[in-house]
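In the working numbering, the protein residues as written are 74 to 288.
First comes the structure, then the notes that go with it.
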């Protein structure tokens, strides 16, 4: 049976805007420490994998970031909430599409990188996430994309061979990792591009050139 698996951010949830990135940098007062936005953003992303995989919580994440950048993060709970708010923006058009797919009786899975603290807050604000089956989060499985372990666990939880699954992600590295794990994978660039790809795959397994996995 063919199945669909989606990433969350950059698809159903919007990624951080430039305005939100600046607001977070102002919140932690990077200028006071002589840290540039480029330095802060690079370290923010570099250290995200162990946070997403629940190897660290926000206290450990901020301790390492603070050490590397020469900054202090005394209000860990405040930063955790401020960081969460930069990611807490659903895309109404994509959520409506999810409704359409599930109303057709399709099982639509989710594979997303997300810290545990963020996930706990997200459940309260975005109950429509329950429509995904299965819901696979990096903090719960202990492995973040693009690690091969994340895709191996996803295949097991989907109960399907990767060759029968089409995965959508907005990050090229994750798309390539999915293909290496045997999944069919499509680089998500917008809903109008994704819809015909999904329908063609469900109908007869056809895919745009380059979307097939390593089978």
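Backbone N, C-alpha and C fix where the C-beta goes; we use that ideal spot for every residue, glycine too.
Taking only three categories from DSSP, how would you classify residue 210? Looking up residue 210 in the chain shown gives position 137. Residue 210 falls in the strand class under three-state DSSP.
Our contact map puts residue 77 next to residue 271 with C-beta atoms below 8 angstroms; I'd like the distance itself, whole angstroms only. As a first step, residue 77 must be located in the chain shown, where it is residue number 4. As a first step, residue 271 must be located in the chain shown, where it is residue number 198. Going by Cβ atoms, the distance from residue 77 to residue 271 rounds to 6 angstroms, so yes, they are a contact pair.
Between which two residues does the beta strand (DSSP E) holding residue 242 run? The residue labelled residue 242 in the question sits at position 169 within the chain shown. First-last of the beta strand (DSSP E) with residue 242: 238 to 242.
Of the residues 170, 177, 282 and 284, the one placed nearest residue 265, counting alpha carbons only: What you label residue 265 is simply residue 192 of the chain shown in a count that begins at 1. Answer by Cα proximity: 170.
Taking 8 angstroms as the threshold (C-beta atoms), are residue 97 and residue 155 in contact? Reading the chain shown from its first residue, position 82 is the one you call residue 155. Reading the chain shown from its first residue, position 24 is the one you call residue 97. Yes, these two residues count as a Cβ contact at 8 angstroms.
Nearest-angstrom Cα separation, counted from residue 119 out to residue 268: In the chain shown, residue 268 corresponds to position 195, counting from 1. In the chain shown, residue 119 corresponds to position 46, counting from 1. Using only the alpha carbons, I get a separation of about 32 angstroms.
Reduced DSSP category for residue 182 - H, G, I as helix; E, B as strand; rest coil: Residue mapping note: residue 182 aligns to position 109 of the chain shown, counting from 1. It is a strand residue.
Rounded to whole angstroms, what is the Cα-Cα separation between residue 236 and residue 178? To locate residue 236, count along the chain shown from 1; it is residue 163. To locate residue 178, count along the chain shown from 1; it is residue 105. Cα-Cα distance, rounded: 21 angstroms.
Pairwise C-alpha distance: residue 84 and residue 193: Numbered from its first residue, the chain shown carries residue 193 at position 120. Numbered from its first residue, the chain shown carries residue 84 at position 11. The straight-line gap from Cα to Cα measures roughly 20 angstroms.
Residue 161 in three-state terms, based on DSSP: Working through the chain shown from its first residue, we reach residue 161 at position 88. It is coil, neither helix nor strand.
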